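Engineer: Sharing a structure, written as structure tokens. Questions coming.
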Amino acid sequence: MRDRKMEKEFEFIPIDYSDFDFKEENWIKIHGRTKDGKRVCVIDKYEANFWVILENKDWKEKEIEEIRKKIEEIEIENNVRKSRVLKTEMEKKNFLGKERKAIRVFITNQKDALDFSDKIKEISGIEKTREADISIITKYIMDGGVKPLKNYKIEGEIVEKEEFGGISEVYEFNLYKLNKKEELAKEEIKFEPKILGFDIEASEFELGKGEILMISLYGGKKENECKKVFTWKKCDKKQDFVSCFKSEEEMIEAFIKEVKKQDPDILAGYFSDGFDLPYLKACAQKNKIKLSLGLDESQPDFKRGRISQGKIEGIVHVDLFRFIETVFSQYMQSETLSLNEVAGELLNERKEDFDFSRLKKMEEDDWKNFFSYNLQDSILTYNLAKKLWPDMYEFSRIIQEPLFDITRDSMSMHVENYLLHNLKNFNEIAEKRPHHDEIGKRKALGKYEGAFVFQPKPGLYENVIMFDFTSMYSSVIVSYNLSLSTYSGEKRGTFSVDLEKEKVYFSKEKGFFPLILEEIIKKRKQYKKEYKNDENPITKARSNAYKLLANAAYGYQGFFGARYYCREAAASTAALARKSILETIEKIKKGGFEVIYSDTDSIAFLQEKKNRKEVLEFLEKLNKELPGIMELELEDFYKRGIWVTKRSGEFGAKKKYALITENGKIKIRGFETVRRDWCQLARELQNKVLEAILKEGNEKRALELIKKTIQNLKERKIDKKEILIRTQLKKPINEYLSITPHVIAAQKLQAQGMPVDVGMLIEYFIAETREKKALVREKVKLPNEKGEYNIDYYLNNQLLPAVENIIEVFNINIKEIIEGTRQKKLF
DNA sequence: GCAGCAAGGTTACC
DNA sequence: ACGGGTAACCTTGCTGC
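The end of the first sequence is residue 825 by the numbering used here, with every number in the run present.
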């Protein structure tokens, strides 16, 4: 029979993963492209299994046979199906670094693994079961399946229409049952995905409440291949990208048809998990049509989660907002992650303006603007997706998880998945994910001591040098072997760390977590070098992915939801990092330098009379004395630096300083200038004041700037947008115990009929009031409310606090200056 | 009624 | 439920006089 079947060999890029059950088997469906860009779907059988770890004792063969027999007899029956054990295999495995006797249990359906596991745990002699809680696709890849976005040579046979209950019938291309696969060398197939950006505009914000007014779709392999706005509202024939339809229903169907015609690999939206896609589905349902975007004609599937995840079969739906939020936000300058700001920062492109208050009285020109606005959103989304493609691609290949998950997982998940996919190199069985009660216990343990921060002496300094440790916490974990599997209750052959209340021990034998992390750090170095030799988006993304993984490893071990959570390891990492930085500070002092500041992994000190060569030689000497892979590097030489006092007390403020290099590059940390909850007026003034002082080395020009701004404020010359204060709403309005100005502003917003959601940035200003009011919140007004800004407030609560401590460095009291009585105090 | 401090709250640094 | 601790500094809210 078999030789009559069509066998074929082709090169293949796996892109999207899903699974299906057929009879008593789990199958993985992998959508992808051939080398020449044709769509194919490869299906691969997954032999569902998990592990049983036997108690640690001398086992007689007969006893084990009995246990295996008991396991093999277990059956599970639920509403959906009946499952059974297919076979068991004995293997020598490692669990948390220790050799263990383990039974691999093969079952008919991975989705029932936890149920089997529960029953098996009742058998005596069994210590625990593991890997029953790993998702089927992750487990398939862990067990040697086809890895996402790697290059393969596949030998397979065409799935005929009558096979597998007819799954190939709905497809317009071939499905192949995988017979043999071979992973090809690095990037033999140059793969550029076809991306489409999409965006909808609706009449109401609440899901499905209103109508979808228009849908835009933009992109292709090249720009402009698809450039469309679908609408059923007033159409202007002059806008050739607009297609008009008779109803919402027809518009949605035309959109689906266009997506099918374009046949993209990636459909990208911005906040589309939370808005565009579920809205589309709700409106399709309202119109009694199917949103059949999937390659198998299926509708998007919304997995439950904090925010739903919209999965489309065969096409990777990427919500760029989520990817940026979880992976990049901490490295971005943008104060919000709105499409406008993010596109501004990453692409130097902006959204178009549209006045939403026109929505109720739209005229022809308004519609024209609205269509154009809607199209621009899709263009930005497409351009962002193009820009971030190298990062998604590298993350997916390095972590070995499908694109869909890669663009949604948190950093802790990324670290965990990287570990899971590398365990086989250590013959390790994976640890389980903590249950609810375990998470509760972990959270209840409370905080442990963190980083050391040096108390700076306020002042303006010349020639400041900054050293910092490269990936400090990660290099501490690696150098001291700190992890769950190396954490030891015994003292023999161990290394000890003194924590606040206890002494903890770690084995000297290298554990898999520090070893995997060491590999990550090595690769980061290697690819950083590769990037420097060959600067392109791919080498940059590769180097960056390893950097992010290395930086997240410490947080992972201290995260209560982690499989490899180890509070002792996390606390020890912080303790040893503290010890290390304190020792280094002492050495720098002994080297004849004055240390000015230090936070966690960096040290700032004065160059004194040493030249740069001597400083670098000193750095080299320090490095030779550091343990393991720990490394200190030169961050930069600075021409000047300023540290100020706290507003309460005379001490130097931590986490607030500003530096300038010889080239005039300014680095500002912690000051109000970089805080978004201060008004623009105060931030800009502070920024200019810092710049003037750092550039000129004295306060003269800074004082002029301050006086001028205060004068403008008093003469009411300040534009409203400069005095707006923006604060994020962190929880629902009614949960606030203390009613702060931004809560009042949010209440007012709600009263105006605006949607108020957690996470929103609330804008307001402090206005003059007729009667004297004591509390700030009593003077709060929304930007669209009439009223004049409160001069007293902006002077005393915004401008002065922003510059007072900076000017104080020169022994000048700013209040006296502005009152005209200039007076220098004796120091 | 008000000073002084604690607590709540947000956003920064690394 | 989806990394950590350290720190500044705002406003409100309470206590005690």
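Ideal placement from N, C-alpha and C gives every residue a C-beta, glycine not left out.
Note that the structure is a prediction, hence the values are computed from the model and not measured.
What residues in its chain sit with their C-beta under 8 angstroms from that of Met390, if we drop five residues either side in the sequence?
Structural biologist: Within the same chain, Met390 has close Cβ partners Val316, Phe321, Leu401, Ile404, Thr405.
Engineer: Since Ser600 and Met464 are thought to touch, with beta carbons under 8 angstroms apart, how far apart are those beta carbons, to the nearest angstrom?
Structural biologist: 6 angstroms
Engineer: What span of residues does the alpha helix (DSSP H) with Leu827 cover, start to end?
Structural biologist: Lying before the first or after the last residue shown, residue 827 is absent from the chain, which here runs from -1 to 825.
Engineer: Assuming Gln726 is part of the beta strand (DSSP E), what are its boundary residues?
Structural biologist: 723 to 726
Engineer: In the structure shown, what three-state DSSP assignment does Cys281 receive?
Structural biologist: helix
Engineer: Could you give the residue range of the beta strand (DSSP E) that holds Asp42?
Structural biologist: Element bounds for Asp42: 37 to 44.
Engineer: What separation, rounded to the nearest whole angstrom, lies between the Cα atoms of Lys145 and Glu783?
Structural biologist: Taking the CA atoms as reference points, Lys145 sits about 57 angstroms from Glu783.
Engineer: Using the Cα positions of Glu160 and Ile74, report the straight-line distance between them to the nearest angstrom.
Structural biologist: 29 angstroms
Engineer: What is the DSSP secondary structure of Glu311, counted as helix, strand or coil?
Structural biologist: Glu311: coil per DSSP, three-state reduction.
Engineer: Tell me the rounded alpha-carbon separation between Glu814 and Asn795.
Structural biologist: 17 angstroms
Engineer: Leu52 and Ile124: beta carbons closer than 8 angstroms?
Structural biologist: In this structure, Ile124 lies closer than 8 angstroms to Leu52 by Cβ.
Engineer: What residues are listed by DSSP as bridge partners for Ala537?
Structural biologist: It should be noted that the sequence gives Thr, not Ala, for residue 537. None; Thr537 has no bridge partner.
Engineer: Which partner residues does Pro12 have in the DSSP bridge list?
Structural biologist: Gly30
Engineer: Tell me whether Arg406 sits in a helix, a strand or coil according to DSSP, three-state version.
Structural biologist: coil
Engineer: Beta-carbon within less than 6 angstroms of Ala572's beta-carbon, same chain only, minus the 5 sequence neighbours each way: which residues are those?
Structural biologist: Gly448
Engineer: On the criterion of 16 or more Cβ atoms from any shown chain inside 10 Å, does Phe603 qualify as buried, or is it exposed?
Structural biologist: buried
Engineer: Does His433 pass the burial test, meaning 16 or more other C-beta atoms within 10 Å, or should it be called exposed?
Structural biologist: Exposed, because fewer than 16 other Cβ atoms sit within 10 Å of the Cβ of His433.
Engineer: Are Glu362 and Lys232 close, meaning C-beta to C-beta below 8 angstroms?
Structural biologist: yes
Engineer: Over what stretch of residues does the beta strand (DSSP E) that includes Ala341 continue unbroken?
Structural biologist: Run containing Ala341: none in the beta strand (DSSP E); it sits in the alpha helix (DSSP H), 337 to 345.
Engineer: Using the three-state DSSP reduction, which class does Thr850 fall into: helix, strand or coil?
Structural biologist: With the chain running from -1 to 825 in the structure shown, residue 850 is simply not present.
Engineer: To the nearest angstrom, report how far apart Tyr268 and Asn338 are at their CA atoms.
Structural biologist: 11 angstroms
Engineer: With a CB to CB cut of under 7 angstroms and the five nearest residues on each side skipped, what residues in its chain are close to Thr492?
Structural biologist: Ser486, Tyr503, Phe504, Ser505, Lys506
Engineer: Hey, how far is the Cα of Ile553 from the Cα of Ile287?
Structural biologist: Note that residue 553 corresponds to Gly in the displayed sequence, not to Ile. If I take the Cα positions, the gap works out to 46 angstroms.
Engineer: Taking the alpha helix (DSSP H) that Lys90 belongs to, which residues open and close that run?
Structural biologist: Not the alpha helix (DSSP H): Lys90 falls in the beta strand (DSSP E), residues 80 to 93.
Engineer: Within 10 angstroms of its Cβ, does Lys91 collect 16 or more other Cβ (buried), or is it exposed?
Structural biologist: buried
Engineer: State the CB to CB distance for the pair Asp14 and Leu176, rounded to an integer number of angstroms; the pair is presumed to be in contact (CB under 8 angstroms).
Structural biologist: That belief does not hold up - the Cβ atoms of Asp14 and Leu176 are roughly 16 angstroms apart, past 8 angstroms.
Engineer: Can you find the residues in the same chain that come closer than 7 angstroms, C-beta to C-beta, to Phe825, ignoring five residues on each side of it along the sequence?
Structural biologist: Here the model assigns Phe825 a pLDDT of 30, short of 50, so the residue's position is not dependable, and the following value carries that caveat. Once the five neighbours on either side are set aside, the close Cβ partners of Phe825 are Asn809.
Engineer: Return the first residue and the last residue of the alpha helix (DSSP H) that Gly438 is part of.
Structural biologist: Residues 434 to 442.
Engineer: In whole angstroms, give me the CA-to-CA distance for Leu112 and Asn420.
Structural biologist: Linking Leu112 to Asn420 through their CA atoms gives a straight-line distance of about 23 angstroms.
Engineer: Would you identify the three-state DSSP class for Ala572, choosing helix, strand or coil?
Structural biologist: helix
Engineer: Pick out the complete beta strand (DSSP E) segments inside the region 657 to 710, 3 residues or longer, and give them in chain order.
Structural biologist: If we require 3 residues or more, the beta strand (DSSP E) runs fully inside the region 657 to 710 come out as 664 to 667.
Engineer: Let me make sure I understand the geometry here. Which of Leu701, Met752, Leu759 has the alpha-carbon closest to that of Lys728?
Structural biologist: Leu759
Engineer: Do Gly208 and Leu194 come within 8 angstroms of each other at the CB atom, strictly closer than that value?
Structural biologist: no
Engineer: Taking 7 angstroms as the cut-off, is the beta-carbon of Glu660 closer than that to any non-hydrogen atom of the ligand SAH?
Structural biologist: Absence of the ligand SAH is noted for the structure shown, with no ligands found whatsoever.
Engineer: Just to confirm, is the Cβ distance from Leu265 to Lys279 under 8 angstroms?
Structural biologist: no
Engineer: Tell me, to the nearest whole angstrom, how far the beta carbon of Glu311 is from that of Gly292; I am working on the premise that it is less than 8 angstroms.
Structural biologist: 3 angstroms
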